[in-house]
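I have placed the structure first, in the form of structure tokens, so that the comments after it can refer back to it.
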Amino acid sequence: MYRKVLSYIKDNNLIKPNDKILIALSGGPDSICLLNVLFELREELNISIAAAHLNHLLRGEDAFEDERYVINTCNDMGIKCFVKRVDINAYSKESKLSSEMAGRNARYDFFDEILEKEGFNKIATAHNANDQAETVLFRLMRGTGLEGLGGIRASRDDKIIRPILCLSREEVENYVKLKNLNPRIDKTNFEKIYNRNKIRLDILPYMKENFNEDIVQTLNRMSTLLQKDNEFLEKLSASLYNKYCMECNDYFIIKKEIFKEEESLVNRVLRHALTRYSKSNYDFEVKHIYEISCLAQKYSGKLVHLPNGVCAENVYGDIYIKTKTKKSDINSKKEEIILGKDNIYINTVEFHKYVIQFSIINGYNENSINLKQGDFVKYFDFDKINNNISIRNRKNGDKIIPLGMSGSKKLKDIFIDMKIPKNERECIPILCFDERIAWVIGIRISEEYKLTSKSTNILKVVVQRKEY
147 MYRKVLSYIK DNNLIKPNDK ILIALSGGPD SICLLNVLFE LREELNISIA AAHLNHLLRG
207 EDAFEDERYV INTCNDMGIK CFVKRVDINA YSKESKLSSE MAGRNARYDF FDEILEKEGF
267 NKIATAHNAN DQAETVLFRL MRGTGLEGLG GIRASRDDKI IRPILCLSRE EVENYVKLKN
327 LNPRIDKTNF EKIYNRNKIR LDILPYMKEN FNEDIVQTLN RMSTLLQKDN EFLEKLSASL
387 YNKYCMECND YFIIKKEIFK EEESLVNRVL RHALTRYSKS NYDFEVKHIY EISCLAQKYS
447 GKLVHLPNGV CAENVYGDIY IKTKTKKSDI NSKKEEIILG KDNIYINTVE FHKYVIQFSI
507 INGYNENSIN LKQGDFVKYF DFDKINNNIS IRNRKNGDKI IPLGMSGSKK LKDIFIDMKI
567 PKNERECIPI LCFDERIAWV IGIRISEEYK LTSKSTNILK VVVQRKEY
């Protein structure tokens, strides 16, 4: 079995030499198997390991017996063990999450604390092949797409790894029995009040007996194939996300033009936007993606309510993802970066979701400077700037002298003329020279700092949105 796990680790590039791995240790058969397997392979893999146990305080004395068992097991093996207690019932009520989700969040917060303080770089969890099969069936019945049917990944973000995902529950149980490890048994795993337990105890055994005796491995092979297809589609959808989605302070904007793209890719972009906005991928289903797609076909002002206190609104055809429980307090998050004329040579500045690059060009030559490079590349007469160069959000009463005009115009009027929604206006960076607006980025530049045949020193400004 060690060879099987080692091969899986290498095939999926889960572990590198000198990795410091923190093992999530509940004390159950799966995590005890994982602990012992990595302990046996630690020299061959050239890694160091430790364990972490979170006592959820949910199961009375059983929870404390789990804790003692984990501590004693690690002490016997000479492995450092980190233990913490969290009242998950209280945390669940406070955070308004299910007990299961609250427990998961508390565990990973604990693990991340240890990684940061102790210098570990990976977390190993003990999901096995049966967990994979159960997850695929659970998502299928709840409603999911290709990504959901891909199930549990062997690794995530090169930080969370699942080295025994290749082992069946039967292999795990045989291993701990053979080694006389006597793991703790969570009795709640046998209570059929939970849907996942019903899948484990009733549905999978029924499928194995009546349809396919190798159903666990069949579902695992399917999930592996779908993961590869999903990775390809993810690359395609990533470019669409960067093209059509804008992440603002308290809301995300999905431009209406995206709905002209392929439906399967659009659905992925919508799901990714929801996940990034809510920082959760567990409560959004296929029906929610469908509701947003339908919303795009309705009139401006229409709204749909989604899980996690999130809602989506049609604003002039664009879709706004925001929180429905409170209004965005944009003004409290306004920001200003003052560079100064002399400091412009720092070259690159980040402002919210934008990267702004500055460069100086000596001499104005119409052949070498293309003034029509698009809305996010502009040139200004550097010598007309006295002192300060700054980047900020808009302010009430802002005015600009638009290129080609002699008089000023309120930014508010420009935004209204261009039908730019109110929330989107807060996302637009404004480049100022000496407190005067030179460029409403992506919208208008000022007449005051335009190039002329007499311009000798030229400031080039290139703006790019950060990619996810």
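When the sequence shown is numbered by my numbering, its final residue is 614 and no position is left out of the sequence of numbers. We treat Cβ as the ideally placed atom computed from N, Cα and C, and that holds for glycine.
CB of residue i within 8 Å of CB of residue j, strictly
i    : j    : result
L204 : N251 : no
L420 : V456 : yes
G550 : E593 : yes
V216 : H202 : no
L152 : A272 : no
T598 : D529 : no
N376 : E293 : yes
E496 : N534 : no
Y390 : K381 : no
K276 : R315 : Per the sequence presented here, residue 276 reads as Asn, with Lys not at that position. Their beta carbons are under 8 Å apart, which means N276 touches R315 by this criterion.
S410 : L379 : yes
I531 : F579 : yes
D208 : G173 : no
Residues of its chain near residue i, where Cβ-Cβ distance is below 8 Å and the 5 sequence neighbours each way are ignored
i    : result
R288 : E431
K499 : M392, E393, C394, C573, R611, K612
F185 : I195, M223, I225
G588 : D521, F522, I574, V609
L371 : none
Distance between beta carbons of residue j and residue i, contact taken as under 8 Å
i    : j    : result
I467 : Y397 : 6 Å
Q373 : R299 : 7 Å
N274 : L311 : 6 Å
V415 : S383 : 5 Å
P567 : Y445 : Wrong, their Cβ atoms sit about 14 Å apart, outside the cutoff.
I562 : R590 : With 8 Å as the limit, I562 and R590 do not qualify as a contact, their Cβ atoms being about 13 Å apart.
I399 : E570 : 6 Å
Sheet register partners of residue i (DSSP bridge)
i    : result
C227 : A197
I465 : I400, N460
P351 : In the DSSP output, where bridge partners are listed per residue, P351 has none listed.
C179 : Looking at the DSSP assignment, C179 forms no beta bridge with any residue, so it has no partner.
A270 : I169, I307
V609 : I502
C-alpha gap between residue i and residue j, whole angstroms
i    : j    : result
D258 : G249 : 14 Å
I345 : Y436 : 27 Å
L577 : I537 : 5 Å
R182 : M368 : A small correction: the amino acid at residue 182 is Asn; Arg does not occupy that position in the sequence shown. Answer to the nearest angstrom: the Cα atoms are 29 Å apart.
K565 : S601 : 35 Å
L449 : L441 : 7 Å
G206 : S238 : 17 Å
G291 : Y423 : 20 Å
P358 : L350 : The displayed chain sequence assigns Asn, not Pro, to residue 358. Their backbone Cα atoms lie some 10 Å apart in a straight line.
R540 : I546 : 11 Å
E190 : V412 : 45 Å
N603 : D303 : 45 Å
M353 : I361 : 7 Å
N164 : L327 : 27 Å
R149 : I167 : 19 Å
D332 : E240 : 25 Å
L517 : K596 : 10 Å
S426 : Y254 : 13 Å
S554 : G447 : 32 Å
A458 : L452 : 7 Å
S133 : V586 : The displayed coordinates of the chain run from 147 to 614. Any statement about residue 133 would go beyond what the structure contains.
N218 : L187 : 21 Å
T494 : E482 : 15 Å
S474 : I193 : Low confidence applies to S474: its pLDDT is 45, below 50, so where it sits in the model is not reliable enough to give any reading.
Cβ-based neighbour list, residue i, same chain, cut-off 7 Å, excluding 5 preceding and 5 following
i    : result
F256 : A198, L200, K230
N158 : A300, S301
E403 : Y390
R285 : G294, L295
G509 : T602
Close beta carbons around residue i, own chain, < 6 Å, minus the five adjacent residues each side
i    : result
S505 : K606
I307 : L160, K268, A270, S301
I155 : I161, P309
V318 : P175, D176, C179, N274
L365 : A279, V282
N460 : L441, K444, S446, K448
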